[in-house]
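Note that full-length UniProt numbering gives residue 226 to position 226 of the sequence shown, counting from 1, and the numbers run on in steps of one.
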Amino acid sequence: MLAIWLSLALGPVSLPLLDTLRAALRLLGLPVAPEGLEQAELILGQIRLPRTLLGLAVGGVLALSGVAMQGLFRNPLADPGLVGVSSGAALGAAIAIVGGSAFGGLPESFGPYLLSLCAFLGGLGVTALVYRLGRYNGRTNVATMLLAGIALTALAGSAVGLFTYLADDATLRTLTFWNLGSLNGASYSRLWPLLLISVGVALWLPRRAKALNALLLGESEAGHLGINVERLKRELVFCTALGVGAAVAAAGMIGFVGLVVPHLVRLLAGPDHRVLLPASVLAGASLLLFADLVARLALAPAELPIGIVTAFIGAPFFLYLLLRGRA
């Protein structure tokens, strides 16, 4: 196992090291099967590791986006979907899937990339429209943006429903499975755009932790403290659109992570964004890896869509919060 992980970490240059470790294991009297070692190396390096990295990136960026939206709306129950990015990404994916089916299906060579690109652009497009509708006289009205997000989310959902109705059986299965989310099919070529965006968002948002703390006092109070509130709103919306759009494009629709994780971390660690942001990254990544484990083992050898698992985790959690609030 040590040889396998060293091989994954060091890549092709680790082959002499693997030979040395094999020789050392033989000297210790431990059996070594080169074919089994190579097979395990292939499974870990080409299947398990990309899937794990995808889960870490998606969970972390969804949790960060949830913190950003809850800070923007100053509501611990806010969700990244309020600005329409998730519904826009779903609409973009539906256009790619159903439209590609009408022309004989998406090409195998670049079909997955086209699907991800359409989902990403759809999320950015709807978010940009929501932000534009929320602007008036050079200022961004959060309440107006919230209402615009709800309206455009409903409109995009209706459009997805129309495409679902028009889809044939094979296309309908693909569309339904994508809308429920999955980490299956992860690969390095599809992973690196999400990793770049996730790292960028994870590095940028913590730099705005003090500004988010000031925003909790209100927009006018934050302005008196020297915070450029309008610029902060643009940054939060932009980071959320980038992060959630990339996550949905890579893994489909996965709900409740951006809603549950920040709220749970806030209950445990408090509202200080200097702690809340990095803690939410770790908690979101851990939650999604746990949900993926449950999705793979619950109905083995079949695999549940991971969005179903996160919904089963998130819904009872909020029922608990509801009952706890009444006590």
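Here a beta-carbon is modelled for each residue, glycine too, at the ideal position from N, C-alpha and C. Quick caveat: nothing in here was measured; it's all calculated off a predicted structure.
Collapsed DSSP secondary structure at residue i in the structure displayed
i: isoleucine 97; result: helix
i: asparagine 274; result: One point to set straight first is that residue 274 is arginine, not asparagine, in the sequence displayed. In the structure shown, arginine 274 sits in a helix (DSSP, three-state: H, G or I).
i: arginine 74; result: coil
i: leucine 21; result: Residue placement at leucine 21 cannot be trusted, given a pLDDT of 47 that sits under 50; what the coordinates show is reported in the next sentence. Looking at leucine 21 - three-state DSSP - the assignment turns out to be helix.
Alpha carbon of residue i to alpha carbon of residue j, nearest angstrom
i: valine 309; j: glycine 138; result: 42 Å
i: alanine 89; j: glycine 134; result: 20 Å
i: alanine 241; j: proline 262; result: 17 Å
i: alanine 222; j: leucine 216; result: 8 Å
i: threonine 140; j: leucine 236; result: 12 Å
i: glycine 71; j: leucine 115; result: 31 Å
i: tyrosine 131; j: alanine 300; result: 43 Å
i: isoleucine 306; j: isoleucine 313; result: 11 Å
i: phenylalanine 238; j: valine 260; result: 21 Å
i: serine 198; j: phenylalanine 256; result: 18 Å
i: leucine 21; j: isoleucine 47; result: Confidence at leucine 21 is low in this model, with a pLDDT of 47, below 50, so the placement of that residue should be treated as unreliable; the coordinate-derived value is given next. Computed Cα separation, rounded: 23 Å.
i: phenylalanine 120; j: tryptophan 178; result: 14 Å
i: arginine 208; j: lysine 233; result: 11 Å
i: tyrosine 113; j: leucine 203; result: 26 Å
i: isoleucine 227; j: histidine 273; result: 15 Å
i: leucine 212; j: threonine 164; result: 40 Å
i: valine 229; j: leucine 264; result: 26 Å
i: leucine 288; j: valine 201; result: 18 Å
i: leucine 205; j: leucine 175; result: 32 Å
i: valine 248; j: isoleucine 254; result: 7 Å
Cutoff 7 Å; reference residue i; Cβ partners in own chain excluding five residues on either side
i: alanine 251; result: Leu54, Val58, Gly181, Ser182 and Leu183
i: leucine 297; result: none
i: arginine 266; result: Pro76 and Leu276
i: glutamate 303; result: Asn184, Ala295 and Arg296
i: residue 334; result: In the structure as shown, the chain starts at 1 and stops at 327, and residue 334 therefore has no counterpart that could be examined.
Contacting residues, own chain, Cβ-Cβ under 6 Å from residue i (five flanking each side not counted)
i: leucine 91; result: Gly122, Ala156, Ala159 and Val160
i: serine 65; result: Pro80, Thr240, Gly243, Val244 and Gly258
i: leucine 195; result: Ala57
i: threonine 153; result: Gly84 and Ser87
i: alanine 285; result: Leu56, Gly59 and Gly60
heavy atom of the ligand HEM below 6 Å from residue i C-beta
i: leucine 276; result: Looking at this structure, you won't find the ligand HEM or any other ligand, since it has none at all.
Same chain, Cβ closer than 8 Å to residue i, five either side skipped, listed in chain order
i: leucine 191; result: Pro50, Leu53, Leu54, Ala57 and Ala250
i: leucine 166; result: Val98
i: alanine 269; result: Val275, Leu276 and Ala279
Legend entry - the stretch 115 to 127 touching the stretch 274 to 294, judged by at least three CB pairs closer than 8 Å: no
Inset, instruction - Run through the stretch 140 to 224 for me and flag every whole alpha helix (DSSP H) of 4 or more residues, listed as ranges in chain order. - result: 142 to 166, 169 to 180, 188 to 204, 209 to 215 and 219 to 224
Legend entry - Sufficient close CB pairs (3 or more, under 8 Å) joining the stretch 83 to 98 to the stretch 138 to 158: yes
Legend entry - Entirely enclosed alpha helix (DSSP H) segments - the stretch 292 to 325, minimum 4 residues: none
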